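See below for the structure under consideration.
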Ligand SMILES: C[S@@+](CC[C@H](N)C(=O)[O-])C[C@H]1O[C@@H](n2cnc3c(N)ncnc32)[C@H](O)[C@@H]1O
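Numbering (the working numbering), first residue to last: 272 to 622.
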């Protein structure tokens, strides 16, 4: 970005990018924006950023161009079995509850991983499902993973990873769910790969929930480490759309650093060991079994409340959370290697 680019232009660019991608480039992030535009200009056929910026601000940019721009502005940081506490809640409490409830009736589960980056999170969910539930083939599973970045999605579809993607992953995952190719990279096994579908979706668009993009009647939405990059206004809109996308009693899982009483004011907060998950309002009958979480008040909450946003932080403190016995650990340390058909790390079953 040339020096002469004015504060006015930066502001206009930030507004445009926030509107079309949700990404927040407020003043403290202008240097990041500058670097992103430098990288993106070539894809748009420009040699200098000045002309590129003029083009961005002078005419409507297409959805394809938004994706192209986003691929230079988004952070794709991810790895398998990231943030284990919420995965453990999913594995040990949320999924067993859904399975128990539906095993004699409608045997289907719909999961949406929104902002899946290069796929590691989506494969983690598929692996958890496959390992935990031996008769999963008798269920209709829909695991849809989406992202705005087409390059990330291509990598996700290929499912080929370096050791870095396994940096905090139990050893059995690589051993059992991946093969190693000639370059020494891990390739996801087809039976795991086939459990998933990957597609382009921009969370800042207003085209969801809709059956057209498989975002209706979802049981579980994982959208971790995505909203933290969004402007508050977009995050609020996205949270509302997620609420509508979920079935009654459905779950929203965000990163534990993204918890917010304001953004997720419509949801019930449910506390698990080390993790708080959000749940769509339940019918009266099921409500009796829910443990409400302690209110969270963060600096951002105070700031948002001062701006007039409503908070649900008056929820009562929870009674002690009960954890069922015999739950499966997916912690990395201490590393446990699978030792056969009774190995507890895969729920007593080898794939
Ligand atoms: C830090 S990664 C998080 C990946 C994964 N969810 C995790 O927690 O490991 C953030 C992802 O959000 C995606 N993203 C950013 N803006 C988006 C938007 N408007 N719509 C969909 N995905 C978006 C980025 O492309 C990136 O892949």
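Glycine is no exception: its CB is placed at the ideal position from the N, C-alpha and C atoms.
Keep in mind it's a predicted model, so treat the numbers as computed, not measured.
- If you ignore the 5 residues before and after residue 310, its C-beta comes within less than 7 Å of the C-beta of 343, all in its own chain and listed in chain order.
- Each of 302, 389, 325 and 533 was checked against the Cα of residue 287, and the nearest Cα belongs to 325.
- Pairing residue 497 with residue 474, the inter-Cα distance amounts to about 10 Å.
- Distance from the CA of residue 330 to the CA of residue 281, rounded to the nearest whole angstrom, comes to 16 Å.
- Classified as exposed, residue 499 has fewer than 16 neighbouring CB atoms from the shown chains inside 10 Å of its CB.
- When rounded, the separation of the alpha-carbon atoms in residue 408 and residue 318 is 52 Å.
- Around the C-beta of residue 455, fewer than 16 other C-beta atoms lie within 10 Å, and the residue is accordingly described as exposed.
- Closest in alpha carbon position to residue 290, among 437, 277 and 341, is 341.
- Contact between residue 385 and residue 467 fails: their C-beta atoms lie close to 14 Å from each other, not under 8 Å.
- In this structure, 444 is the residue among 444, 544 and 531 with its C-alpha nearest to the C-alpha of residue 400.
- In this structure, the C-beta of residue 479 stays at least 7 Å away from each heavy atom of ligand 1.
- At least one heavy atom of ligand 1 sits closer than 7 Å to the Cβ of residue 473.
- Within the same chain, Cβ atoms closer than 7 Å to the Cβ of residue 295 are found at 289, 500, 501 and 502, the five residues on either side in sequence being excluded.
- In this model, residue 541 and residue 547 are separated by some 6 Å (Cα to Cα).
- In terms of Cα proximity to residue 359, the closest of 373, 396, 446 and 470 is 396.
- In the same chain as residue 426, and ignoring 5 residues on each side of it, the C-beta atoms closer than 7 Å to its own belong to 389 and 390, in chain order.
- Judged by their CB atoms, residue 437 and residue 308 are not nearer to each other than the 8 Å cut-off.
- Distances from the alpha-carbon of residue 424 to those of 345, 278 and 514 put 345 closest.
- Inside the segment 419-489, DSSP marks whole alpha helix (DSSP H) runs of 4 or more residues at positions 421-429, 442-448 and 461-464, from first to last along the chain.
- C-alpha of residue 303 to C-alpha of residue 285: approximately 11 Å in a straight line.
- Inclusion of residue 419 and residue 505 in the CB contact set at 8 Å is not warranted, their separation being larger than that value.
- Taking 8 Å as the upper bound for CB-CB distance, residue 513 and residue 533 are not in contact here, some 15 Å apart.
- Bridge pairing for residue 548: 541 [DSSP].
- Going by DSSP, residue 307 is part of the alpha helix (DSSP H) stretching over 301-311.
- For the alpha helix (DSSP H) assignment, the uninterrupted runs of no fewer than 4 residues enclosed by the segment 346-411 are, from N- to C-terminal side, 355-360, 366-373 and 391-403.
- Take residue 487, set aside five residues on each side of it, and the residues of its chain with a beta-carbon closer than 7 Å to its own are 480, 481 and 516, in chain order.
- The beta carbons of residue 364 and residue 410 sit about 18 Å from each other, so the pair does not count as a contact at 8 Å.
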